[in-house]
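Participant: Under the working numbering, the first residue of the sequence shown carries the number 31, and numbering increases by one thereafter.
In this text, a Cβ means the ideal position worked out from N, Cα and C, and glycines have one as well.
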Amino acid sequence: MKVLIVGAGVAGLAVGWRLASAGIPVEILERGLAGRGATWASAGMIASGAELGTEKNAVAHFAHEARAKWPRFAQDLEAASGRRIDYRETGSLMAATNADKARDLEHRAAELAREGVAAAWVDAAELRRACEIQTRGHLLHLREGYLETRGRADALSDLIVQSAPAFAALLTSVARLEGHVGGDVGAAARHAERTLSVSGGAITDIVKLVGIHELPSADAERLFVPYLDALERLVDYVDGWSAR
Ligand SMILES: Cc1cc2nc3c(=O)[nH]c(=O)nc-3n(C[C@H](O)[C@H](O)[C@H](O)COP(=O)(O)OP(=O)(O)OC[C@H]3O[C@@H](n4cnc5c(N)ncnc54)[C@H](O)[C@@H]3O)c2cc1C
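Quick look at the structure:
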């Protein structure tokens, strides 16, 4: 028996590959280029919990089962192809933009957790406390790290580059708490610059380093003092939340 599959998108190719691996002859027909249909447009999110919420129909059941099979599928695919596909289990962050959505998401988190999905509701007060702790911690690590550089500009470059992702995440949380729910790091940096009256793009300069591995020493020396100054302002600002 030979199986004929029409369409070489992710569905046809995955089914065809599994059948062929099981020793079943397969032929895949494609009218255009393989993988250039909907598969090409896909954002690559594999998030049945976030997409389907607490739905309990057959499609939702199928999607949850399929999602659970992904880590193994990704491993097999990498082993068979010899190529990394960069599958990551990062989880999904869903932000409530109003009181109705907050109620819905809180209910959804509880339902998903009951079904064994690692889902948790994080309210604004908790996120605020986390920001307070992270901001102080970031300042402490930056100062401590600076002392450890012992004046070496290359070590200062490493310190700044390595601290940038945590700083960007912190700014995104601060912006989110203040109603900017997009999660855009650049917008969060500009929001912080306006709020803290930081001029010269000092915060934007740091978040632009996310994903960068090397920073010239001269740039590190130019960026460090404004970075520290912005962070000190952020600590004062975040500390002031409880008083507001
Ligand atoms: C903008 C966008 C974002 C998305 N984001 C996500 C996401 O983040 N996560 C997620 O899980 N899903 C996402 N999706 C959905 C996901 O892309 C699709 O569910 C998935 O790619 C469908 O795969 P498929 O193989 O069924 O279809 P396709 O990839 O479209 O493949 C079908 C193939 O069949 C071929 N074909 C059609 N008719 C014939 C014919 N008569 N003869 C020969 N060949 C034919 C087409 O040329 C095409 O190559 C997204 C979709 C879009 C459009």
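Which whole runs of the alpha helix (DSSP H) in the stretch 183-254 are 4 residues long or more, in chain order?
Facilitator: 183-207, 215-225 and 232-237
Participant: Of the choices Glu136, Ser193 and Leu239, whose alpha-carbon is the least far from that of Leu169?
Facilitator: Ser193
Participant: Between Ile76 and Ile58, how many whole angstroms is the CB-CB distance? I'm expecting something under 8 Å.
Facilitator: No, Ile76 and Ile58 are not in contact; Cβ-Cβ is about 23 Å, not under 8 Å.
Participant: What residue range is occupied by the uninterrupted beta strand (DSSP E) comprising Glu57?
Facilitator: Val56 to Leu59
Participant: Per the contact definition of three or more C-beta pairs closer than 8 Å, is the stretch 76-88 in contact with the stretch 132-152?
Facilitator: Result yes; three or more Cβ-Cβ pairs closer than 8 Å.
Participant: To the nearest angstrom, how far is the alpha carbon of Ile236 from that of Arg118?
Facilitator: 25 Å
Participant: Any beta-carbon of chain E closer than 8 Å to the one on Ala196?
Facilitator: Structure shown: chain E not included; a single protein chain is present.
Participant: With Val147 as the anchor, note down where its alpha helix (DSSP H) starts and where it stops.
Facilitator: Unbroken run through Val147: none, as it is neither H nor E.
Participant: For Arg133, I'd like the list of residues in its chain whose CB is within less than 6 Å of its CB, leaving aside the five on either flank, ordered along the chain.
Facilitator: none
Participant: Can you tell me which residues form a DSSP beta bridge with Ile35?
Facilitator: Residue pairing by DSSP puts Ile35 in a beta bridge opposite Ile58.
Participant: If you reduce the DSSP assignment to three classes, tell me which class Asp153 lands in.
Facilitator: coil
Participant: Counting along the chain, where does the alpha helix (DSSP H) carrying Glu85 start and finish?
Facilitator: Segment: none, Glu85 is in no alpha helix (DSSP H) and carries neither H nor E.
Participant: State whether the stretch 199-219 contacts the stretch 242-257, with contact taken as three or more CB pairs (one from each stretch) at a distance under 8 Å.
Facilitator: no
Participant: Is the distance from the Cβ of Gly26 to the Cβ of Gly74 below 8 Å?
Facilitator: The requested residue 26 is not part of the displayed model; the chain covers only 31 to 274.
Participant: When the distance is taken between beta carbons, is Ser122 closer than 8 Å to Ala80?
Facilitator: yes
Participant: Whether or not the stretch 161-175 and the stretch 184-203 are in contact is what I'm after, with contact meaning three or more pairs of Cβ atoms, one per stretch, closer than 8 Å; do they touch?
Facilitator: yes
Participant: Compute the minimum distance between the beta carbon of Val56 and the heavy atoms of ligand 3, and state whether it is under 7 Å.
Facilitator: No copy of ligand 3 appears in this structure; the ligands present are ligand 1.
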